[in-house]
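Read the structure below first, then the notes.
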Amino acid sequence: PHLVSLKLFEEAGFERLRKKSVALTAFLEEVIEAVAKEHDATIEIITPKESKRRGCQLSLLAHGRGKELFNFLQSRGVFSDWREPNVIRIAPVPLYNSFADAFEFGKILSLAYSKEHTA
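Residues are numbered in the numbering used here as their position in the sequence shown, beginning at 1, plus a constant of 2.
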């Protein structure tokens with residue numbers, strides 16, 4: 003499995019993966035900010051804005067809804083990471099995540115903040 007993984011990374015090329023990672027994470031950031039604005043939600047991205055300082059993950063504080071939001075995302079098939087006391091980490095991995103995946107995440111996040119699902 004390790005050899006196959008290394009071959010996939012070699013085929014994709016590190017420079018191309020990094021370029022996609024920067025663009026994909028920036029797009030996901032825009033999607034999250036748009037959803038927060040649309041729903042007047044207090045979602046704070048605490049990961050540094052500079053791509054050189056954050057890699058391909060965004061850490062979110064969903065003030066007052068952290069664990070509830072995490073559970074909602076998980077129930078909709080979003081693989082994320084919960085960090086106590088109240089941080090959700092989202093990591094769009096450039097080797098297998100797409101811009102469509104980031105857009106779909108935005109739709110799910112928006113659904114979490116829609117009137118039907120607000121606690």
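C-beta atoms are modelled at their ideal positions from N, C-alpha and C, and glycine is treated no differently.
Computed from a predicted structure; not experimentally measured.
Cβ-Cβ separation, residue j to residue i (assumed contact under 8 angstroms), whole Å
| i | j | result |
| --- | --- | --- |
| Ala114 | Leu30 | The Cβ separation is near 15 angstroms, so there is no contact. |
| Ala64 | Ile90 | 6 angstroms |
| Ile48 | Ile34 | That belief does not hold up - the Cβ atoms of Ile48 and Ile34 are roughly 12 angstroms apart, past 8 angstroms. |
| Leu97 | Ala14 | 6 angstroms |
is_contact[residue i, chain B] using C-beta, thresh 9 angstroms
| i | result |
| --- | --- |
| Glu32 | Structure shown: chain B not included; a single protein chain is present. |
Nearest-angstrom Cα separation, counted from residue j out to residue i
| i | j | result |
| --- | --- | --- |
| Ala121 | Gly108 | In this predicted model, Ala121 has a pLDDT of only 49, less than 50, meaning its place in the structure is not dependable enough to derive any value. |
| Leu8 | Arg78 | 31 angstroms |
| Gly122 | Gln59 | No answer is possible for residue 122: the residues shown for the chain start at 3 and end at 121. |
| Glu12 | Leu19 | 10 angstroms |
| Ser53 | Arg85 | 21 angstroms |
| Asn73 | Leu10 | 32 angstroms |
CA nearest to the CA of residue i, picked from the options
| i | options | result |
| --- | --- | --- |
| Gly57 | Asn99, Thr27, Asn88, Glu12 | Thr27 |
| Asn99 | Lys39, Ser23, Glu46, Thr44 | Ser23 |
| Glu32 | Leu19, Lys51, Glu17 | Lys51 |
| Ala102 | Ser61, Glu17, Leu10, Ala25 | Ala25 |
| Leu111 | Glu40, Ala14, Lys21 | Glu40 |
| Asp83 | Gly15, Leu62, Val6, Ala43 | Leu62 |
| Val95 | Phe16, Val6, Leu75 | Phe16 |
DSSP three-state assignment for residue i, whether helix, strand or coil
| i | result |
| --- | --- |
| Val95 | coil |
| Ala121 | With a pLDDT of 49 at Ala121, under the threshold of 50, the modelled position of that residue is not reliable, and no figure is offered here. |
Legend entry - Runs of alpha helix (DSSP H) wholly within the segment 21-85 (minimum 4 residues, chain order): 68-77
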